[in-house]
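Protein chains in written order, with this note's numbering: chain A, 1 to 194; chain B, 195 to 954.
We put the beta carbon where it would ideally sit given N, CA and C, even for glycine.
Bear in mind the structure is a predicted one, so any value in this text is a computation, not a measurement.
Working notes for the structure below.
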């Protein structure tokens, strides 16, 4: 009786373990799939001519929801918070410089033209119309050589990183918990070599 | 509604000069104004919520998603946390109160749970149904027909604009080709105007503007207006700025060569630019053709597009909008739940608090704090109960005050009686009159110090039978007196009784009085004893003085004639026969001698009878003793007189002559008693504790038997062969008239010791 009971118990345990493994694998796959569809922010810092320049691109950020919002005539803004930070082991990382850059587009359904604009720390840097939706996508998601800081504040051979946080307005927020659902983060390290 | 009882307040006396204390601040739950204000604020909040909800579609998307939704969500979370906190707090409180056995804990929990349950179920149901309704309603906003209509309308408007713009663009390009051969630099613009006029006249376009390439400004080529031709139907107020900008943009090679200039309600201007190139392909100018869309057309097109955009924006913002509405709904539900919970707690407190306060006040009163009162704030049943309680507490307090007053009066009387008793006891102790009381059963209940001293009794006899105590041989007369008084019960029985005491007689005036109560019941006998020995002694002295005075008067008068007769007989028989002469001489000498002796005796009697009152002055007693004893120096060779005067004797108020006589008398007596051989010591000292000066004359002679000591001070008592017996009587009289006393006793190891005490 005893061995049979023990065998039954072993079988039950093995079955439970298998179920657990299947569950874990399914969860990981689901996470990867969900993650694959999420927007990603690639950041490229560059120290040149005494300035820290940042190029970044938000891939998969121009979603169907965003396109619908733009096409509905809503002024749609992609806001990017750029921070130059220095990592410390013992305390919070130190922010050396920060800028906020926004790209806004408004579509006129009557003239079928997009009116685009960019601001840097609230200052209008550029504005132009277009009829090309790809141009709009590029306008909203791709930024080249955004000046973030001067290199005078950096130490030679110092390890730094640039963090970019992107979010859209208006937010397609959830009921009851609207906080920062659409936030996208990207970061890139670099060593300052003067 | 029950009475509102805010606190148990001890009642304080309110006097005319008392400053009234400020009323304690009433808590929120007992303050109708605050409650009304709170309800008003709640209603205002609900109205604000409804107002915001009504205006939600008109709010900007950014404001809606960045502020309103956040604010509502935060408010919802706050209220949810508050509700959970209130419920958790009350659950914990309930558990604690139940464990501590506090009253009304279960009742309060039940009432809160009932109200919450009554509210929670419908509120949650309404929330669920309402949420579904909102979701359904939002979905219903976006239906296919509406979608198609608005899309089509927008398509039509857009297409129309697009077509017109394409047309204008084609015209601009055609005109640019036509102007490629024209000399734009020529000051004569008529050929150009003539070329353009037909397009305007035929209303293919409403306006044409021609620019020529001028000198470059910076890196950009400059443009100079050459000519413009406009139709008369163009609305006033348009500017050339849009055309100039578009021309410059076209010249730079931009693909964006079209623009729409909105003139508001006047309509829109559709601009299209084309670069004029010479035959060799070099840009020489820019032509901008403009078409005009009337105000009506533009407005209607805008409306169609606006409707389409609004519709689509609603669809885009469907989720935040639904979130806002659901948040409103949830907020109202939470408000209702929080309100219900609070109301439940409030009602519970309103109901239980007066009863709890009554119970607490009853406990306080039970503990003896009768000044507890409850504040009555309503006229309902609880108010009546509070009033009845306060009345009861007041009556209890009044009764207690009466009892306390009686107790105080009783204690006061007890204290007075005690003082009086102690006073009487002190008097009894201090008086020289002896008092002995015997109770109804014949037991000695009181004996004062004087009685104990007079009767030589120990004070421990209190409580013993009087018959046994007074059965002693010397006290039997007193026992008989007590027994007689007890039997008589009416008149006091008085008797003078002589009791032997240390071989002397103590004369007591005893009065025994029966004590009878108001109802006639016997309460015992009180025996009062007075030492009348000094009185009797004084009476005897007075009698002897009278005798002495009469003797002196009766004896002295015949002595002189007797002496004269004897002298005459001697002179008569001086010449007679020798035998007769000798006989007469001898008889006359004997008569004269005896007469002289009788005269001396009579003088002493006379002096004793007429002794003057002492004239006391402060006198140095030590010096007086020394001066007196100096008289004996060298007279008696075998007698040693020694003085031992303490240095602190000092001045004593006395008659120096009389005291000198006392000392001489005592020293003379001592010398005689020692048969002129022995030692005499005279001591003088001050007894500060008894305020007396003590003078002692002691000898080491044979001493005086105790039986004779009392008689020593009587007149005419003498142990000497030749003495009048008045010496010590005079001594005692002098000392008595100085307010002092004289005692005689044995000297140690032998002899006699006279002790005189004089007040100082």
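C-alpha gap between residue i and residue j, whole angstroms
i: residue 227 of chain B; j: residue 547 of chain B; result: 20 angstroms
i: residue 735 of chain B; j: residue 874 of chain B; result: 29 angstroms
i: residue 71 of chain A; j: residue 61 of chain A; result: 16 angstroms
i: residue 467 of chain B; j: residue 449 of chain B; result: 10 angstroms
i: residue 895 of chain B; j: residue 865 of chain B; result: 8 angstroms
i: residue 192 of chain A; j: residue 58 of chain A; result: 25 angstroms
i: residue 369 of chain B; j: residue 69 of chain A; result: 40 angstroms
i: residue 93 of chain A; j: residue 114 of chain A; result: 40 angstroms
i: residue 635 of chain B; j: residue 909 of chain B; result: 48 angstroms
i: residue 325 of chain B; j: residue 516 of chain B; result: 9 angstroms
i: residue 589 of chain B; j: residue 583 of chain B; result: 10 angstroms
i: residue 523 of chain B; j: residue 321 of chain B; result: 7 angstroms
i: residue 653 of chain B; j: residue 677 of chain B; result: 21 angstroms
i: residue 435 of chain B; j: residue 110 of chain A; result: 22 angstroms
i: residue 751 of chain B; j: residue 789 of chain B; result: 11 angstroms
Span of the beta strand (DSSP E), counted from its first residue to its last, around residue i
i: residue 454 of chain B; result: 452 to 456
i: residue 837 of chain B; result: 833 to 839
i: residue 628 of chain B; result: 628 to 632
i: residue 688 of chain B; result: 687 to 695
i: residue 84 of chain A; result: 76 to 86
i: residue 635 of chain B; result: From DSSP, residue 635 of chain B is part of no beta strand (DSSP E); its letter is neither H nor E.
Three-state secondary structure (DSSP) of residue i
i: residue 33 of chain A; result: Note that residue 33 of chain A scores a pLDDT of 48, beneath 50, so its modelled location is shaky and nothing firm can be said.
i: residue 196 of chain B; result: With a pLDDT of 42 at residue 196 of chain B, under the threshold of 50, the modelled position of this residue cannot be trusted; read the value that follows with caution. Here residue 196 of chain B sits in coil by DSSP.
i: residue 119 of chain A; result: strand
i: residue 92 of chain A; result: coil
i: residue 870 of chain B; result: coil
i: residue 475 of chain B; result: coil
i: residue 434 of chain B; result: coil
i: residue 805 of chain B; result: coil
i: residue 644 of chain B; result: helix
i: residue 167 of chain A; result: strand
i: residue 201 of chain B; result: Its pLDDT being 46, under 50, residue 201 of chain B is placed unreliably in this model, and the coordinates cannot settle the point.
i: residue 909 of chain B; result: coil
i: residue 570 of chain B; result: coil
i: residue 577 of chain B; result: helix
i: residue 418 of chain B; result: strand
i: residue 933 of chain B; result: coil
i: residue 97 of chain A; result: strand
i: residue 829 of chain B; result: coil
Beta-bridge pairing of residue i - partner residues as DSSP gives them
i: residue 190 of chain A; result: A:160
i: residue 129 of chain A; result: A:115
i: residue 52 of chain A; result: A:47, A:149
i: residue 846 of chain B; result: B:813
i: residue 469 of chain B; result: B:480
i: residue 423 of chain B; result: B:402
i: residue 701 of chain B; result: B:692
i: residue 600 of chain B; result: According to DSSP, residue 600 of chain B bridges with nothing at all.
i: residue 486 of chain B; result: B:463
i: residue 723 of chain B; result: B:628, B:704
i: residue 378 of chain B; result: Answer is none; residue 378 of chain B lacks a bridge partner.
Opening and closing residue of the alpha helix (DSSP H) in which residue i lies
i: residue 155 of chain A; result: It is not in any alpha helix (DSSP H) - residue 155 of chain A carries neither H nor E in the DSSP assignment.
i: residue 534 of chain B; result: 512 to 560
i: residue 727 of chain B; result: 727 to 766
i: residue 386 of chain B; result: 384 to 395
i: residue 329 of chain B; result: 299 to 335
i: residue 370 of chain B; result: 338 to 372
i: residue 67 of chain A; result: 64 to 71
i: residue 902 of chain B; result: 900 to 903
Within chain E, the residues that residue i reaches when beta carbons sit closer than 7 angstroms
i: residue 232 of chain B; result: As a matter of chain content, chain E is missing from the structure shown, whose protein chains are A and B.
Would the region 124 to 142 of chain A count as touching the region 90 to 105 of chain A if we require 3 or more Cβ pairs under 8 angstroms? Yes: the two stretches touch, three or more of their Cβ pairs being nearer than 8 angstroms.
Stretch pair the region 421 to 433 of chain B + the region 392 to 405 of chain B: three plus CB contacts closer than 8 angstroms: Because the criterion of three Cβ pairs below 8 angstroms is met, the region 421 to 433 of chain B and the region 392 to 405 of chain B touch.
Kindly confirm or deny that the region 371 to 386 of chain B and the region 351 to 361 of chain B touch, where touching means at least three C-beta pairs closer than 8 angstroms. In short, these stretches do not touch, since the Cβ pair count stays below three.
Validate contact between the region 145 to 152 of chain A and the region 128 to 135 of chain A using beta carbons, cut 8 angstroms, 3 pairs: Between the region 145 to 152 of chain A and the region 128 to 135 of chain A there are fewer than three C-beta pairs closer than 8 angstroms, too few to call the two in contact.
When you compare the region 498 to 508 of chain B with the region 474 to 490 of chain B, are there three or more beta-carbon pairs, one atom per stretch, that lie closer than 8 angstroms? Contact between the region 498 to 508 of chain B and the region 474 to 490 of chain B is absent, because fewer than three Cβ pairs lie under 8 angstroms.
Say whether the region 657 to 674 of chain B touches the region 752 to 767 of chain B, bearing in mind that this needs 3 or more beta-carbon pairs closer than 8 angstroms, one atom from each stretch. Verdict: no, contact absent.
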